[in-house]
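Its first residue numbered 1, the sequence shown is counted upward by one per residue in UniProt numbering. Every residue gets a Cβ at the ideal spot worked out from N, C-alpha and C, and that includes glycine. Keep in mind it's a predicted model, so treat the numbers as computed, not measured. What follows is one structure encoded as structure tokens, with my remarks underneath.
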Amino acid sequence: MHFYHKECLENQFKAGGSNQFLKCSVCSHIYGKQIGGMPSGRMTWSTQRMTLPGFEKSQYAIVINYDIPSGYLPGGQRFNGTQRTAYLPDNKEGQEILSLFAEAFRRRLIFNVGTSITTGQQNQTVWGTIHHKTNTHGGTSKFGYPDPTYFRRVKDELAAKGLTVDLIGTEIRQEQSRQGQVMV
1 MHFYHKECLE NQFKAGGSNQ FLKCSVCSHI YGKQIGGMPS GRMTWSTQRM
51 TLPGFEKSQY AIVINYDIPS GYLPGGQRFN GTQRTAYLPD NKEGQEILSL
101 FAEAFRRRLI FNVGTSITTG QQNQTVWGTI HHKTNTHGGT SKFGYPDPTY
151 FRRVKDELAA KGLTVDLIGT EIRQEQSRQG QVMV
């Protein structure tokens, strides 16, 4: 347990606006549900027959497609949308990550609007802080597989947003890997 001044906590909640969560500055635990500023969009997924390097026991992969259309931010600023594809092995851990990704999408935590690192252009839909595998091959340098530490790293990134495997089936919906979609 950590001790804080009541006034400091009240000010932190007020500064959060409608985003009613608190992140402990000592241990980083999230209290409440963190909601991000991601624009509206759609996340779909299905399984496809393919083997990802490092997961040869699974003959299928979960293919995730994100579609964030261009639009306007609440202040009236125009932004460019994006379409992205990501891959997970269709095994127990991959299915857990899928459920966590779907909840992160519902909470608008997957993408942000900002400056593209690749192009330098402003007002672009860009990845947030939850890494995805956007290639099936090429290893870590190509954002692909094999990557023996990816599951541990992405689970840490999700946990930093308050999304953990132990919440699947209680606070987080368990998604079916065959196919599905989330729209926000």
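Quiz prompt | Nearest to GLN160 (by Cα), restricted to the options TYR31, THR47, HIS132, SER99 | solution = According to the sequence provided, residue 160 is Ala. The question's Gln does not apply to it. Checked all of TYR31, THR47, HIS132, SER99; the closest Cα to ALA160 is TYR31.
Quiz prompt | DSSP three-state assignment for THR82, whether helix, strand or coil | solution = strand
Quiz item: Nearest to GLY54 by CA position, among GLN174, THR136, VAL113, ASP166, is which residue?
Solution: THR136
Quiz item: What residues in its chain sit with their C-beta under 6 Å from that of GLU175, if we drop five residues either side in the sequence?
Solution: LEU98, SER99, ALA102
Quiz item: Are there 16 or more other CB atoms within 10 angstroms of the CB of THR47, so buried, or fewer, so exposed?
Solution: THR47 comes out buried.
Quiz item: Who are the near neighbours of SER70 in its chain, counting only those whose CB is closer than 6 Å to its CB and skipping five residues on each side?
Solution: ASN80, GLY81
Quiz prompt | Helix, strand or coil at ALA159 according to DSSP, with G and I counted as helix | solution = Residue state for ALA159 is assigned as helix, using DSSP reduced to three classes.
Quiz item: Just to confirm, are GLN59 and GLY162 a CB contact at a threshold of 8 Å?
Solution: no
Quiz prompt | Expected contact under 8 Å - CB spacing of GLU157 and HIS132 to nearest Å | solution = About 10 Å separates the two Cβ atoms, so there is no contact after all.
Exercise. Take the Cβ of GLN77 as the centre, count every other Cβ of all protein chains shown within 10 Å, and call the residue buried at 16 or more, exposed below.
Key: Answer is exposed; the Cβ neighbour count stays below 16.
Self-check item: Same chain only: Cβ atoms within 7 Å of ALA86, ignoring 5 sequence neighbours per side
Solution: ILE64, HIS132, LYS133, THR134
Practice problem: In angstroms with no decimal places, state the Cα-to-Cα distance between THR170 and ILE68. | Solution: 28 Å
Practice problem: Locate the beta strand (DSSP E) running through GLN48, then write down its first and last residues. | Solution: 42-49
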